[in-house]
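Student: Top line first, the protein sequences correspond to chains A and B. Sequential numbering of the first sequence, starting at 671, is according to the working numbering. Sequential numbering of the second sequence, starting at 126, is according to the working numbering.
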Amino acid sequence: MAVALAPPATDDNLMAWARRRLFSTWLDGLITVAFGALMIWAVARIVDWGVLDAVWTVAEKDRCREVDGACWSVIGARGRLILFGLYPHDEHWRSTLACIAIILTMGFSCIPKFWGLRRLPALWVAGFAIFILLMYGGILGLPVVRTEQWGGLSLTVFIFAAVVVIGMPLAVVLALARRSPLPVISGVANVIINFVRSLPLLAILFTAAVVVPFVVPDWAQGDKLVRVTLAFALFFACYQAEIIRAGLQAIPSGQEEAASALGMKYWSRVFDIMLPQAFRNSLPSTINQFVITFKETSIVTIIGFFEIMASGNAAVGTGEWVSQFVEVYVFVGAIYFAFVFGLSRYGAYLERRARLTHG
Amino acid sequence: MRTLKQRKTRAWIFQAIVLLSTVGLTVSFVVIARQNLLSQGIATGFGFLERSTGWPINFALIEITARSPYWRMLLAGLFNTLLVGFLGLAFATFLGIFIGTIRISSNLILNIIGTVYVEIFRNVPLILQAIFWYAILTHLPSPKQAIPLGDFGFLSNRGLILPALDLSMADVYLLLIATAIALYAAIRMQRAGPELARLAMPLPALAFLGVFVLLLFIGRTPDAPLMTLPELRGLRFVGGVSIKPEFTALLIAITVFGGAYIGEIVRGGFLSVDKGKIEAARALGLSAFRINQLVRIPLAIRAMLPALANQYVWLMKATTIGIAIGFPDYFMVVSTAINQSGQTMELIALLMAGFLLINYSIGHAMNRLNTRLAIKGKAA
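#1: For the segment 798-821 of chain A, list every residue whose C-beta sits within 8 Å of some C-beta in chain B, in sequence order.
#2: Below 8 Å on C-beta distance, what does B:Gln140 contact in chain A?
#3: Could you tell me which of A:Tyr1019, A:Leu1020, A:Gly1003 sits nearest to B:Arg247, measuring between CA atoms?
#4: Can you find the residues in the same chain that come closer than 6 Å, C-beta to C-beta, to A:Ile874, ignoring five residues on each side of it along the sequence?
#5: For A:Pro883, report the span of its alpha helix (DSSP H) as first-last.
#6: Of all the alpha helix (DSSP H) runs that stay within the bounds of the segment 225-281 of chain B, which reach a length of 4 or more residues?
#7: Please say whether A:Arg750 and A:His762 have beta carbons closer to each other than 8 Å?
#8: Would you identify the three-state DSSP class for B:Glu356, choosing helix, strand or coil?
#9: Looking only at DSSP bridge pairs, what is A:Cys741 linked to?
#10: Along the segment 452-483 of chain B, what residues have a CB closer than 8 Å to any CB found in chain A?
#11: Are at least three pairs of beta-carbons, each pair with one atom in the segment 206-213 of chain B and one in the segment 371-387 of chain B, less than 8 Å apart?
#12: Please identify the residue among B:Ile157, B:Lys133, B:Ala255 whose C-alpha is closest to the C-alpha of B:Met470.
#13: Which of the three DSSP states is assigned to B:Gly149 in this structure?
#14: Starting from the beta carbon of A:Ile969, find every residue of chain B whose beta carbon is closer than 7 Å, and list them in chain order.
#15: Compute the Euclidean distance between the alpha carbons of A:Arg1025 and A:Phe784, then round it to the nearest angstrom.
#16: Name, please, each residue of chain A whose Cβ falls closer than 7 Å to the Cβ of B:Asn161.
#17: If you measure between the beta carbons of B:Gly221 and B:Ile390, is that distance less than 8 Å?
#18: Go to A:Gly699, then tell me how far its alpha helix (DSSP H) extends in each direction, as first and last residue.
#19: For chain D, find out if any of its Cβ atoms is closer than 8 Å to the Cβ of A:Arg849; answer yes or no.
#20: With a 10 Å radius around its C-beta and 16 neighbouring C-beta atoms as the bar for buried, classify A:Phe995 as buried or exposed.
#21: In the DSSP output, which residue or residues are listed as bridge partners for B:Ser177?
#22: Between A:Gly917 and chain B, is there a C-beta pair that is closer than 8 Å?
#23: By DSSP's criteria, B:Ile286 is part of a beta bridge. Which residues make up the other side?
#24: For the alpha helix (DSSP H) containing A:Met685, name the first residue and the last one.
#25: Below 8 Å between beta carbons: does that hold for A:Thr971 and B:Ile252?
#26: With the cut-off set at 8 Å, would you say B:Ile487 and B:Val420 are in Cβ contact?
#27: Should the segment 753-769 of chain A be regarded as contacting the segment 966-981 of chain A, the criterion being three or more beta carbon pairs within less than 8 Å?
#28: In the DSSP output, what is B:Glu389 paired with across the bridge?
#29: Using a Cβ distance threshold of 8 Å, determine whether the segment 766-773 of chain A contacts the segment 799-808 of chain A, with at least three qualifying pairs required.
#30: Classify A:Ser743 as buried or exposed, calling it buried when 16 or more other Cβ atoms lie within 10 Å of its own Cβ.
#31: Would you kindly work out how many angstroms separate the C-alpha atoms of A:Met685 and A:Asn983, rounded to a whole number?
#32: Taking only runs of the alpha helix (DSSP H) that begin and end inside the segment 889-959 of chain A, which ones reach a length of at least 4 residues, in chain order?
#33: Looking at the C-beta of A:Val728, does it have a partner C-beta in chain B at a distance below 8 Å?
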């Protein structure tokens, strides 16, 4: 004979909540106390180090040796090197504006009003063009700054933006080619995608930097930055193509058949029916791919580019700031964190939104 | 003109153009590469693998000197990649299981710790983390002021020094071979039947321990020590085994970064377990422990496997950033070899072949595991 149990108590007061989340069993209580203490201690140590005991201004840098805390003077003294790399000192404002242009572009693309297969590419091409005009110069009386001198945050942002702008159309082409009924087309796309995906990004960038000059006629070699960015875009495209393909596969086949039955041409079917839905389906994975790509821009350091990771390294490489490496790496890490965390939070928001609208 | 309009003909022409241009591009690459190499006086082909390198690497599992041939150097690099990769994967998995578990626990404090950990270490590039750990390790005190770890080892800017067992390289190979044979036997026994299967589980461990003890005691003069303890002589340590900071930093970075990602996969796996199944198990009167053992964990593992396979391949490829801190993994050995020998095409081909081999092996192994574990009666 079953005994009817009382319904589980709802926790509408603080005590019940604390009991459930902090002290449900004696072991749980023990963990709460021990780890809670550990957490408070760790936070206190970090605040002591980073804020209370820290030295903040360059003028006070001689005090760095005496205090236990962080020596943020290094950021004041080397901040320009970290953020701008070798970019000419008098032109730093251009680098700043160029960065802002791309960040604004990223911001605008988060607004649903700009989502569309025409608006979004237009937005990005415009943002990217403004970036290049500002960074490279050569018109409107701006002196030319060659790509070898680009560096710091704007180089990181450039590589990211260029990879997305070039990689996204390429990804669409690869995804469509892979689904093509023509065996040669899908075969070639298949081989490219699988081959690139099974290699480390570094190996591909290295190949572009070192091997391509060997196998391409001189006139087609271009600048090293262009080669490496194109190779990075290809790498991005191969991953993104698989994401788009998954998005395409999630569309019921009846949709395409219906469009065909209505007499729509291939390109119209693809751009008006398939791709808008595929992008919507694959939005969370796409954002995740952006996040990964932003972090992976740091790999170009190894190929010899002076983006923010390398310039941070250079700031503590030699001279008086050698022992302030923790501060500099925390600073550079915080910049990456701001971009990546922002992007991934936005992705999580989109996912929640999609769940709410699609049930 | 009419044939051009027919869809089939157009498709064939289009395909022929794509195929021809692909082939044409490849051929032009080869021709230009050959011209360039000839003009630089570099012999093509793999003959250079037998030449001696003339440069050393600072970390190798096999004996390497500056006179070693190229093939041996490349092999050492491949072993280094595999070592740091597999150790990193194993540690990252343990850490990830821990992080994933504390993120789904009911305890608020543990949740917060897990979340903060994941958000910090997942959102900062791996290479920055590796460089950070490397800087920490190389800013440790010099061997003279090394930090003693109990009575066993020392931590200094030259690396971690631990006592070493007195085993030669040949002994280590024997040990590995014996364990591999035992592992193979165990797999065969597991398939043979349920009675043998029970015996199979401890077999590899027993074989490892048995051969280990045998090797340690056989053929040894009675007064020779089993272990050499590290000792500070002058400015450096003598005896013991030293683990280089390059290796340690890369291993820590992969473990910590991978742990954050795997933690999320583990968490996702547990969250994906259907609540109804847990309730059903509870209704059947299973204890909390049995529910975990029989229902929750098996289902969660199945949900995790595909994502885990991707993550493993990704982490394995990510070991290439070791070059940023000077760890001689396969990529670093290949790129040094390219600088030194000029045999660019051959070495790039070997680089790609190495990673294709590693990644397809991981992918294949995880697929096998996936099909093996797939719930019976359901299409995988």
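Note that the Cβ used here is the ideal one computed from N, Cα and C, for glycine as well.
Tutor: So, to answer that:
#1: none
#2: Leu852, Pro853, Val854, Ile855
#3: A:Gly1003
#4: Ala901, Phe905
#5: 882-885
#6: 233-247, 251-263
#7: yes
#8: strand
#9: Bridge partners of A:Cys741: A:Val725.
#10: If the cut-off is 8 Å between Cβ atoms, the segment 452-483 of chain B has Phe456, Ser460, Ile463, Thr469, Met470, Ile473, Leu476, Met477, Phe480, Leu481 near chain A.
#11: Contact holds: three or more Cβ-Cβ distances are below 8 Å.
#12: B:Ile157
#13: helix
#14: Ile252, Ile446
#15: Within the model, the alpha-carbon separation for A:Arg1025 versus A:Phe784 is close to 21 Å.
#16: Phe884
#17: yes
#18: 696-717
#19: The structure shown contains no chain D; its protein chains are A and B.
#20: buried
#21: B:Pro194
#22: no
#23: Bridge partners of B:Ile286: B:Phe279, B:Ser367.
#24: Note, A:Met685: alpha helix (DSSP H), 684-691.
#25: yes
#26: Taking 8 Å as the Cβ cut-off, B:Ile487 and B:Val420 do not qualify as a contacting pair.
#27: yes
#28: B:Glu389 pairs with nothing; no bridge assigned.
#29: Because the criterion of three Cβ pairs below 8 Å is met, the segment 766-773 of chain A and the segment 799-808 of chain A touch.
#30: buried
#31: 50 Å
#32: 894-919, 923-931, 945-951
#33: no
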